[in-house]
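Following: one structure in structure tokens, then a few remarks.
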Amino acid sequence: APFARVLLEEMGAGDSPTEAQVKLASDVTIELVEHIQQEIRIVDFWRNPHAQSVLKGWVFDHLDRRDVVHFKKARAVADRLVDLAKALHDRLVD
Numbered sequence: 204a205p206f207a208r209v210l211l212e213e214m215g216a217g218d219s220p221t222e223a224q225v226k227l228a229s230d231v232t233i234e235l236v237e238h239i240q241q242e243i244r245i246v247d248f249w250r251n252p253h254a255q256s257v258l259k260g261w262v263f264d265h266l267d268r269r270d271v272v273h274f275k276k277a278r279a280v281a282d283r284l285v286d287l288a289k290a291l292h293d294r295l296v297d
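As numbered in my numbering, residues 204 to 297 make up the sequence shown, in order.
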């Protein structure tokens, strides 16, 4: 839910997102979380700046491919999502 909230917020969905916005955010969230979980399971992932940079690049590309947020915002949104993954690390790897 935290990842979907970020996406909906960055999509400009406001307090009453459309059904299409919710569906897109949900689908992309599932794809993002699955990939993020694979990456952050690597030992010492959060101590490896290169691995984090690669993950941010993948998230950016994925947001762009799925046309979730405006291209100019995609880099900042990718950073925000990876920061969120770091904060939720324990929940994501269980």
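Glycine is no exception: its CB is placed at the ideal position from the N, C-alpha and C atoms.
Residue i versus residue j - alpha carbon distance
i	j	result
Leu210	Lys289	17 Å
Gly217	Val271	15 Å
Beta-carbon gap between residue i and residue j smaller than 8 Å
i	j	result
Ala223	Ala207	no
Arg250	Val296	no
Boundaries of the alpha helix (DSSP H) in which residue i is found, first to last residue
i	result
Arg269	Per DSSP, Arg269 belongs to no alpha helix (DSSP H) and is neither H nor E.
Ile239	Glu222 to Ile243
Phe248	Taken as a continuous stretch (DSSP letters only), Phe248 belongs to no alpha helix (DSSP H), as it is neither H nor E.
Selected residue, minimal CA-CA separation from residue i, among the options
i	options	result
Asp267	Pro205, Glu213 and Thr221	Glu213
Val257	Gly215, Arg278, Val296 and Leu291	Arg278
Leu235	His265, Ala204, Leu291 and Asp286	His265
Lys275	Phe263, Pro205 and Asp230	Phe263
Val285	Ser219, Asp230 and Phe248	Phe248
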